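Reading through the structure tokens given below for one structure.
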Amino acid sequence: MIDQFINFVIRPPRADYNPDQYLWERDFTLAGRSYKREDLELKNARGHTLRCSHYLPSPYPEETPLPCVIYCHGNSGCRADANEAAVILLPSNITVFTLDFSGSGLSDGDYVSLGWHEREDLKIVVSYLRSSKKISHIGLWGRSMGAVTSLLYGAEDPSVAGMVLDSAFSDLFALMMELVDVYKIRLPKFTVKMALQYMRWVIQKKAKFDIMDLNCLKVAPKTFIPALFGHGSDDKFIQPHHSDLIFESYVGDKNIIKFDGDHNSSRPQFYYDSVSIFFYNVLRPPRNSSTNLHKIEKYYDLGDFKVGAGMDESLLYEIITDLRTTRIDAASSSSAPPTIPLTKPVGELLSEVVLETDLSVIDSELNEDNRPSCEDPAHLQDKPNGQNEESCSYTSSNRESWGRCSSLGVSDEESSAECAANAKSHQMALQALATPLRSMQQESASPPKQEMGKKKKRKKVLSVLKKAKGEKLEKLEALSKRLRLCILWRVKHRRCNSS
Numbered sequence: 001m002i003d004q005f006i007n008f009v010i011r012p013p014r015a016d017y018n019p020d021q022y023l024w025e026r027d028f029t030l031a032g033r034s035y036k037r038e039d040l041e042l043k044n045a046r047g048h049t050l051r052c053s054h055y056l057p058s059p060y061p062e063e064t065p066l067p068c069v070i071y072c073h074g075n076s077g078c079r080a081d082a083n084e085a086a087v088i089l090l091p092s093n094i095t096v097f098t099l100d101f102s103g104s105g106l107s108d109g110d111y112v113s114l115g116w117h118e119r120e121d122l123k124i125v126v127s128y129l130r131s132s133k134k135i136s137h138i139g140l141w142g143r144s145m146g147a148v149t150s151l152l153y154g155a156e157d158p159s160v161a162g163m164v165l166d167s168a169f170s171d172l173f174a175l176m177m178e179l180v181d182v183y184k185i186r187l188p189k190f191t192v193k194m195a196l197q198y199m200r201w202v203i204q205k206k207a208k209f210d211i212m213d214l215n216c217l218k219v220a221p222k223t224f225i226p227a228l229f230g231h232g233s234d235d236k237f238i239q240p241h242h243s244d245l246i247f248e249s250y251v252g253d254k255n256i257i258k259f260d261g262d263h264n265s266s267r268p269q270f271y272y273d274s275v276s277i278f279f280y281n282v283l284r285p286p287r288n289s290s291t292n293l294h295k296i297e298k299y300y301d302l303g304d305f306k307v308g309a310g311m312d313e314s315l316l317y318e319i320i321t322d323l324r325t326t327r328i329d330a331a332s333s334s335s336a337p338p339t340i341p342l343t344k345p346v347g348e349l350l351s352e353v354v355l356e357t358d359l360s361v362i363d364s365e366l367n368e369d370n371r372p373s374c375e376d377p378a379h380l381q382d383k384p385n386g387q388n389e390e391s392c393s394y395t396s397s398n399r400e401s402w403g404r405c406s407s408l409g410v411s412d413e414e415s416s417a418e419c420a421a422n423a424k425s426h427q428m429a430l431q432a433l434a435t436p437l438r439s440m441q442q443e444s445a446s447p448p449k450q451e452m453g454k455k456k457k458r459k460k461v462l463s464v465l466k467k468a469k470g471e472k473l474e475k476l477e478a479l480s481k482r483l484r485l486c487i488l489w490r491v492k493h494r495r496c497n498s499s
């Protein structure tokens, strides 16, 4: 049993994985921007090769150094644990560096040390990044063993901009005594202490470190780096009071977040939002380039719908022109395309579009129970596959978070009063830009019995239009869906920011 407990400390299950299968692709896209994964190898002081990966924008901005967050995994983890960190931080112009510590993953080494030797590996990584002119500030994000590693290293390097410490233990010897009770090992206390002393001697001989030296309470009073602590309230392995003890003795700027979950459970969305905001504040990444911002905002944003805002509305005028042209062409190929005077305000144009659209069909869709709101993000995800491949080449579980993370640098936030004042204009925009074809199909799917004749006539008209103008109807539907998605995203983003 003692040997099993020793292996539990210094030789836990080791992650064996294929980097091309479990890491992000070498070239991938997030929120409409391109990124790349650079794999590299570093040597630590003990001669072990460390397998590392660095997630960067592609192409990398010239003469603009970007901040970097180093993700430090747990005792049985590997580089793949940083996938979520890359999704959260990359849209904010923060690069992510991750590595397999010595004795973990694909790196060399036979044993882990729960932070003692790992801090030397972290020192090698920090030295490598600082030697590069591409990196400005450096932050640390550690979980479990990685959190202890970050704290031990941060006590030696005050130039680190900030640290996120998730589920760190305060004292390894005290933790091992607690685990005896958690796993209900029925032995007298003096026997347990003698067994731990024997384990201490074996671990020191094999892994070359003393378990009595792993005490974060000794370094916390000497560390002044801004830190965000996190811990699961149901963690039975490293109980929440460990983070509480470190938090109380920590002398730097600090904050702590408790959330539902155990030691290995996925973290809630609000925790990831807090992490992204924390790193944005301490690292101060540069704004995205105007080219990239224009590409993202052109897809997601339709501009400010407040009349007389004084902003560039050329994109909205162009979209409304295309919408009118496509609808008229779908009805009659001989109709001349309409012209929209640029002197008209956006509100007047939207009202005209409302009058030209079948309001009875649109109202039947807008009055459904599943109307989108700021509290119903699932509605935004209910769309056909491949509809927005330009900006969403990632999984949909954290889509709401990514949108918020990519907009942390925006300074012109609206208040809740302004959002309420514009609710009427947003509703008008939704009515004007709802998908006509989709609503007509939904209405024809369940008509009342007294309108069977109208149903047959409508089916005939739709079938003729579909055969004669199939391509133009598809274009109208795709454009309308995109407009609706953009408006819903805009309304939801503003309301969430104001709240």
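Numbered by the UniProt record's numbering, the letters in the sequence shown go through residues 1 to 499 in order. Just so it is clear, CB atoms sit at the ideal spot from N, CA and C, and this is done for glycine as well. Here the structure is a predicted model, which means the values were calculated and not measured.
Between the region 45-64 and the region 111-127 there are three or more C-beta pairs closer than 8 Å, enough to call the two in contact. At a Cβ-Cβ threshold of 8 Å, Arg37 and Asp100 do not count as neighbours. Boundaries of the alpha helix (DSSP H) around Asp3: 2-10.
Around the beta carbon of Gln239, 16 or more other beta carbons lie within 10 angstroms, which makes this residue buried. Segment contact: the region 1-11 against the region 49-67, fewer than three CB-CB distances shorter than 8 Å; contact not assigned.
Where Ala85 is concerned, there is no enclosing beta strand (DSSP E), although the alpha helix (DSSP H) around it starts and stops at 83-89. Counting along the chain, Ser131 sits inside the alpha helix (DSSP H) bounded by residues 118-131. Excluding its 5 nearest sequence neighbours in each direction, Cys78 has C-beta neighbours in its own chain below 7 Å: Ala15, Tyr17, Asp100, Ser104, Gly105, listed in chain order. Ranked by Cα distance from Pro59, the options Asp81, Tyr153, Ser34, Asp210 are led by Ser34. Across the set Lys457, Ile211, Val125, Asn288, the C-alpha of Val125 shows the shortest separation from the C-alpha of Thr49. Contact between the region 147-155 and the region 268-287 is absent: fewer than three C-beta pairs spanning the two stretches fall below 8 Å. Taking a cut-off of 8 Å for Cβ pairs, the region 191-200 and the region 208-225 touch, as three or more such pairs fall below it.
Partner residues in the beta bridge of Tyr71, as assigned by DSSP, are Thr98, Trp141. Per DSSP, reduced to three states, the secondary structure at Leu179 is helical. Tyr55 carries a strand assignment under DSSP once its states are collapsed to helix, strand and coil. Pro13 has its alpha-carbon roughly 29 Å from the corresponding atom of Ser127. Between Lys133 and the set Gln21, Cys68, Asn288, Tyr22, the nearest pair of CA atoms involves Cys68. Annotation: Phe270 to Asp171 spans about 28 Å, alpha carbon to alpha carbon. The beta carbon of Lys254 lies closer than 8 Å to those of Pro226, Ala227, Leu228, Phe229, Phe247 in the same chain, with the five residues before and after it left out. In the structure shown, Asn93 falls within a coil segment according to DSSP collapsed to helix, strand and coil.
Take the alpha-carbon of Ser92 and the one of Glu25: they are about 19 Å apart. Selection Ala82, Lys189, Val251, His231 evaluated against Leu217 yields Val251 as nearest (Cα-Cα). In the three-state reduction of the DSSP assignment, Asp253 falls in the coil class, being assigned neither a helical nor a strand state.
The DSSP-derived three-state label of Leu228 is strand. Nearest to Ala174 by C-alpha distance, out of Val192, Asp81, Leu90, Leu129, is Val192. For Gly77, the secondary structure class from DSSP, reduced to helix, strand or coil, is coil.
Within a 10 Å sphere around the beta-carbon of Val160 sit 16 or more other beta-carbons, which makes this residue buried.
Restricting attention to Ser266, Ala80, Asn75, the CA atom closest to the CA of Thr149 is found in Asn75.
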